[in-house]
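Converting from the sequence shown to the numbering used here requires adding 2 to each position, the first position being numbered 1.
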Amino acid sequence: MPTVSSSTSDSYMNNRFVSFPFRAAGLICGLIGWLSGAALPAQTPAGTATNIDTVIPLSTLELGQMLQEFASPQANRSVQGRFMQISGQRYTNGVGTHARSVLWVDLHGTARRFNALVGIDDEVVSPIVQRELRHAYDTGLDEYRLVNGRVVFQIYGDGRLLWKSRQLQTAMPAEPVDVDLTGVQTMVLVVSSMGDAVNYDDADWADARFTVRGAAPKTIPPPREEPYLLTPKPAATPRINGAAVFGVRPGAPFLFTIAATGEGPLRYSAPSLPRGLHLDAATGRITGKLDRRGEWRVPVEVRNARGVARRDLRIVCGDTLALTPPMGWNTWNVFGREPTEARVRAAADAMVASGLIGHGWTYVNIDDCWQHQHSSKNPQVQGPGRDSAGRILPNQRFPDMKAICDYLHARGLKAGIYSSPGMYTCAGYTGSFQHEALDARQYADWGFDYLKYDWCYNTHTAPDVSLQSQRAAWQTMAQALLATHRDIVFSLSETLDVWPWARDAGANCWRTTGDITDTWSSMDDIGFSQNGREIVAGPGHWNDCDMFVVGKLGGGRLHSTRLSPDELYTHISLWCLLASPLLIGCDMTQMDDFTLNLLTNDEVLEVNQDPLGRQAHRVSKDENVEVWAKTMADGSQAVGLFNRGEFAAPVTVRWKELDLPADQPVVVRDLWPQRDLGAVAEAFTATVPRHGVRLIRIKPTRRP
Ligand code: GLA
Numbered sequence: 003m004p005t006v007s008s009s010t011s012d013s014y015m016n017n018r019f020v021s022f023p024f025r026a027a028g029l030i031c032g033l034i035g036w037l038s039g040a041a042l043p044a045q046t047p048a049g050t051a052t053n054i055d056t057v058i059p060l061s062t063l064e065l066g067q068m069l070q071e072f073a074s075p076q077a078n079r080s081v082q083g084r085f086m087q088i089s090g091q092r093y094t095n096g097v098g099t100h101a102r103s104v105l106w107v108d109l110h111g112t113a114r115r116f117n118a119l120v121g122i123d124d125e126v127v128s129p130i131v132q133r134e135l136r137h138a139y140d141t142g143l144d145e146y147r148l149v150n151g152r153v154v155f156q157i158y159g160d161g162r163l164l165w166k167s168r169q170l171q172t173a174m175p176a177e178p179v180d181v182d183l184t185g186v187q188t189m190v191l192v193v194s195s196m197g198d199a200v201n202y203d204d205a206d207w208a209d210a211r212f213t214v215r216g217a218a219p220k221t222i223p224p225p226r227e228e229p230y231l232l233t234p235k236p237a238a239t240p241r242i243n244g245a246a247v248f249g250v251r252p253g254a255p256f257l258f259t260i261a262a263t264g265e266g267p268l269r270y271s272a273p274s275l276p277r278g279l280h281l282d283a284a285t286g287r288i289t290g291k292l293d294r295r296g297e298w299r300v301p302v303e304v305r306n307a308r309g310v311a312r313r314d315l316r317i318v319c320g321d322t323l324a325l326t327p328p329m330g331w332n333t334w335n336v337f338g339r340e341p342t343e344a345r346v347r348a349a350a351d352a353m354v355a356s357g358l359i360g361h362g363w364t365y366v367n368i369d370d371c372w373q374h375q376h377s378s379k380n381p382q383v384q385g386p387g388r389d390s391a392g393r394i395l396p397n398q399r400f401p402d403m404k405a406i407c408d409y410l411h412a413r414g415l416k417a418g419i420y421s422s423p424g425m426y427t428c429a430g431y432t433g434s435f436q437h438e439a440l441d442a443r444q445y446a447d448w449g450f451d452y453l454k455y456d457w458c459y460n461t462h463t464a465p466d467v468s469l470q471s472q473r474a475a476w477q478t479m480a481q482a483l484l485a486t487h488r489d490i491v492f493s494l495s496e497t498l499d500v501w502p503w504a505r506d507a508g509a510n511c512w513r514t515t516g517d518i519t520d521t522w523s524s525m526d527d528i529g530f531s532q533n534g535r536e537i538v539a540g541p542g543h544w545n546d547c548d549m550f551v552v553g554k555l556g557g558g559r560l561h562s563t564r565l566s567p568d569e570l571y572t573h574i575s576l577w578c579l580l581a582s583p584l585l586i587g588c589d590m591t592q593m594d595d596f597t598l599n600l601l602t603n604d605e606v607l608e609v610n611q612d613p614l615g616r617q618a619h620r621v622s623k624d625e626n627v628e629v630w631a632k633t634m635a636d637g638s639q640a641v642g643l644f645n646r647g648e649f650a651a652p653v654t655v656r657w658k659e660l661d662l663p664a665d666q667p668v669v670v671r672d673l674w675p676q677r678d679l680g681a682v683a684e685a686f687t688a689t690v691p692r693h694g695v696r697l698i699r700i701k702p703t704r705r706p
């Protein structure tokens with residue numbers, strides 16, 4: 003077997019950047035700036051000639067380009083709009099921001115120095131606590147280590163780290179910055195949060211100013227690459243995709259669609275199905291019912307004129323559903339408070355017509371707002387919550403719930419619904435409070451297969467919002483679902499930490515974060531904060547990182563996701579490694595080639611659907627680069643090499659970090675392009691673009 007050395011340059015990411023011409027642009031702008039500075043002295047704020055240094059405060063630049071995790075940047079104020087103060091010292095000038103914060107500045111090569119005083123703004127604690135913390139810091143008290151609010155400020159010039167603060171915490175004195183910018187074209191100001199989430203990370207670039215000889219610095223948007231496709235087109239020969247293991251309870255209606263690609267028509271066969279199950283040879287749908295508990299390994303075949311694919315399907319009839327993370331779609335991120343029956347049917351049609359179904363995508367889930375809202379003035383949703391028998395009533399946008407479920411099942415898909423343990427749902431529609439058993443029966447009678455059960459309304463209304471009382475509420479619904487005749491996957495939606503016990507409360511999956519939005523900071527913060535939770539993940543119980551913010555999303559008007567292509571590759575790769583339920587959040591009737599390409603990479607999805615059910619953990623972290631790994635059922639490991647930083651960077655994974663002997667060669671497969679990279683000794687290095695990923699699968703080779 004050939005041994006290739008670790009790769010640092012074989013990057014498929016290299017060719018497809020829209021060349022971001024900041025260097026060239028910088029030079030030209032610099033020249034123009036210099037010329038215009040000379041010709042139009044009024045444009046240089048303080049000086050009148052370009053051989054005179056002018057001082058330009060950072061706060062006078064257009065700050066709308068500053069990306070940050072929370073709120074918006076403030077000129078001459080703290081991020082919360084107060085006066086700027088670090089460790090008791092007030093500043094009248096500067097920029098208040100919040101980690102993670104990134105600002106790109108075009109310097110045109112005319113800047114000479116950047117000076118500032120940086121630190122965490124005192125506003126994160128009360129004046130009394132400020133004093134106590136300052137004392138704790140000054141006297142080196144141990145408790146000080148526990149203080150929230152920790153950041154590091156960084157300054158990059160043309161991709162190189164020029165300066166970095168130490169880790170700054172609340173009440174620490176401001177750290178002075180004095181950076182030589184001679185010859186630098188593009189500068190990036192970064193404030194990173196330090197592993198304790200971004201809470202209390204109100205960060206000040208106090209008294210921040212450029213010394214410039216020539217044109218004034220100008221803030222610019224970060225570079226954004228054009229969409230580029232990595233997933234190869236599916237082969238004409240058949241391939242079996244999706245889950246290879248399926249859990250069902252005895253007596254419950256069985257529906258499993260064999261996901262497969264290949265030139266149609268495809269013919270499916272599975273001759274040794276257990277008694278009670280039937281396969282439709284034309285659609286690949288297995289239906290029926292299993293009366294007894296047990297486990298079957300069923301060989302499945304899919305044929306077409308070009309060939310045949312074979313794979314075993316493991317059917318487990320017992321107590322556990324969702325033996326692999328659920329894959330599907332949800333109305334909320336695109337239709338918000340206006341889901342309708344027509345939109346749900348159209349989504350189902352799109353899931354089939356786009357071919358997503360052939361890659362394992364299954365659930366079509368109705369989120370909030372299908373019920374009545376008692377206080378609404380809109381006749382379409384206004385009405386009584388329940389009928390005289392206490393049964394929950396859908397609003398006029400959902401005239402026939404059973405018909406929707408039948409429609410989905412007839413296409414081999416599954417149906418999801420939404421409720422809350424409160425009187426009302428998060429959006430104020432009828433909730434299940436004190437009607438849990440009735441509602442569960444109703445969902446089952448309609449034909450639903452998945453329930454998202456959302457706490458948030460209760461945060462304002464429940465007499466006791468402790469996690470303990472929540473647990474009882476979740477358990478009540480879990481029991482109610484169990485008592486029905488259907489298999490209904492139970493998914494908790496709660497942003498507090500339910501993950502340590504949600505499985506014992508009867509849940510199949512549970513949110514671990516707030517609502518995701520289609521921004522880098524939201525996705526990045528959610529995805530990379532999951533380390534440690536892998537201890538509770540496994541077949542039948544999954545940490546849920548919220549929906550995929552891909553494609554066309556709602557939230558006001560329909561817009562394309564604000565994530566860049568590299569950020570989207572990171573998003574999908576990370577969610578797959580994390581074994582999160584995968585729920586598409588976009589308008590599936592309007593998916594472009596790139597979005598579809600992202601969602602149909604079977605080797606990437608296989609990382610998510612692996613039957614061992616492990617969730618990846620962080621293997622290493624060095625500044626902005628991280629390596630995450632997930633052990634797969636066949637003994638291989640899926641490994642993500644991530645770059646959360648602002649510039650392309652090499653990322654390395656060493657085999658010994660994965661508990662493999664350093665001298666044992668492993669075979670590396672590049673998962674997005676589905677390409678073998680051969681046997682690699684000791685370590686693998688890839689150049690990973692800004693906010694991007696390299697996702698590989700490695701398999702140890704036998705020793706000679
Ligand atoms: C919460 C959930 C969202 C969505 C809305 C519906 O915010 O986290 O995913 O279900 O409620 O109101």
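Even for Gly, the Cβ is constructed at its ideal location relative to N, Cα and C.
Q. Buried or exposed: where does residue 543 fall if 16 or more other Cβ atoms within 10 Å of its Cβ makes it buried?
A. By the neighbour-count criterion, in which 16 or more other beta carbons inside 10 Å mark a residue as buried, residue 543 falls on the buried side.
Q. Do residue 119 and residue 96 come within 9 Å of each other at the CB atom, strictly closer than that value?
A. Yes; because the gap between Cβ atoms is below 9 Å, this pair is in contact.
Q. From residue 287 to residue 414, what distance separates their C-alpha atoms?
A. When rounded, the distance between both Cα atoms is 6 Å.
**Q.** beta strand (DSSP E) segments (min. 3 residues) lying fully within the region 70-156
**A.** Runs found: 86-88, 91-93, 96-100, 103-108 and 113-122.
Q) Below 9 Å between beta carbons: does that hold for residue 330 and residue 584? A) With a cutoff of 9 Å on beta-carbon distance, residue 330 and residue 584 are scored as near each other.
Q) In this structure, what does DSSP give as the bridge partners for residue 207? A) Beta-bridge annotation (DSSP): residue 207 is paired with 97 and 120.
Q. Within the present structure, is the beta-carbon of residue 548 separated from the nearest heavy atom of the ligand GLA by less than 8 Å?
A. Yes, the Cβ of residue 548 comes within 8 Å of a heavy atom of the ligand GLA.
Q) By Cβ distance below 8 Å, which residues in the same chain neighbour residue 660 in space, the five residues on each side in sequence not counted? A) These residues qualify, in order along the chain: 621, 631, 639, 641 and 700.
Q) Beta carbon of residue 364: closer than 8 Å to some heavy atom of the ligand GLA? A) No.
Q: Find out if the Cβ-Cβ distance for the pair residue 185, residue 171 is shorter than 9 Å.
A: Cβ atoms of residue 185 and residue 171: not closer than 9 Å.
Q.
Is residue 495 close to the ligand GLA? I mean its beta-carbon at under 8 Å from any heavy atom of the ligand.
A. Checking the 8 Å criterion, the Cβ of residue 495 is within range of a heavy atom belonging to the ligand GLA.
Q: Can you give me the Cβ contacts of residue 176 inside the same chain, cut-off strictly under 7 Å, excluding the 5 residues immediately before and after it?
A: If we look at residue 176 and ignore the five residues flanking it on each side, its Cβ neighbours are 88, 89, 91, 119, 120, 121 and 208.
Q.
Assuming residue 469 is part of the alpha helix (DSSP H), what are its boundary residues?
A. For residue 469, the uninterrupted alpha helix (DSSP H) segment begins and ends at 469-484.
Q | Spatial neighbours of residue 345 in its chain, beta-carbon cut-off 6 Å, leaving aside the 5 residues before and after | A | Correct list, in chain order: 337.
Q: Return the chain-ordered list of same chain residues with a C-beta closer than 8 Å to the C-beta of residue 409, the five sequence neighbours on each side being excluded.
A: The residues are 347 and 350.
(Q) Let me make sure I understand the geometry here. Which of 447, 468, 479 and 395 has the alpha-carbon closest to that of residue 423? (A) Closest option to residue 423, Cα to Cα, is 479.
Q | Nearest-angstrom Cα separation, counted from residue 221 out to residue 115 | A | Computed Cα separation, rounded: 16 Å.
Q: Indicate whether the contact test is met: 3 or more Cβ pairs, each with one atom in the region 663-671 and one in the region 530-548, closer than 8 Å.
A: Output reads no: the region 530-548 does not touch the region 663-671.
(Q) Once DSSP output is grouped into helix, strand and coil, what is the label at residue 353? (A) Residue state, collapsed to three classes: helix.
Q: Compute the beta-carbon to beta-carbon distance between residue 489 and residue 323, rounded to the nearest angstrom, for a pair I have assumed lies under 8 Å.
A: Distance from residue 489 to residue 323 at the Cβ level is roughly 5 Å; contact confirmed, criterion being Cβ atoms closer than 8 Å.
Q.
If you measure from each CB to the nearest heavy atom of the ligand GLA and keep those under 6 Å, what residues do you get, in chain order?
A. The set, ordered by position in the chain, is 334, 369, 370, 427, 428, 429, 456, 458, 495 and 517.
Q) Taking DSSP as the reference, what is the three-state secondary structure of residue 608? A) Here residue 608 sits in helix by DSSP.
Q. Can you name the start and end residues of the beta strand (DSSP E) that residue 303 belongs to?
A. From DSSP, the beta strand (DSSP E) with residue 303 extends over 296-306.
**Q.** Bounding residues of the beta strand (DSSP E) (the contiguous stretch that carries residue 291)
**A.** Element bounds for residue 291: 287-291.
Q: Let me know the secondary structure DSSP gives residue 647 once reduced to three states.
A: Residue state, collapsed to three classes: coil.
Q) Should residue 470 be labelled buried (16 or more other beta-carbon atoms within 10 Å of its own) or exposed? A) That one is exposed.
Q: Assign residue 379 to buried or exposed, taking buried as 16 or more other Cβ atoms, counted over all protein chains shown, within 10 Å of its Cβ.
A: Exposed, since its Cβ has fewer than 16 Cβ neighbours within 10 Å.
Q.
Can you find the residues in the same chain that come closer than 8 Å, C-beta to C-beta, to residue 703, ignoring five residues on each side of it along the sequence?
A. Closer than 8 Å at Cβ, skipping near neighbours: 3, 666, 667, 668, 669 and 681.
Q. Ends of the beta strand (DSSP E) at residue 166?
A. That run of the beta strand (DSSP E) goes 162-166.
**Q.** Boundaries (first-last residue) of the beta strand (DSSP E) holding residue 619
**A.** Its beta strand (DSSP E) spans residues 619-624.
Q | Cβ-based burial, residue 1 [other Cβ within 10 Å; buried from 16] | A | There is simply no residue 1 to check, as the chain begins at 3 and stops at 706 in what is shown.
Q | Three-state secondary structure (DSSP) of residue 628 | A | Strand.
**Q.** Among 162, 299, 60 and 521, nearest to residue 317 - alpha-carbon criterion
**A.** Residue 299 holds the alpha-carbon nearest to the alpha-carbon of residue 317 among 162, 299, 60 and 521.
Q) residue 363 to residue 421, Cα distance in whole Å? A) Rounded to the nearest angstrom, the two C-alpha atoms are 23 Å apart.
Q) Where do the ends of the beta strand (DSSP E) carrying residue 188 lie? A) Residue range 188-195 is occupied by the beta strand (DSSP E) that includes residue 188.
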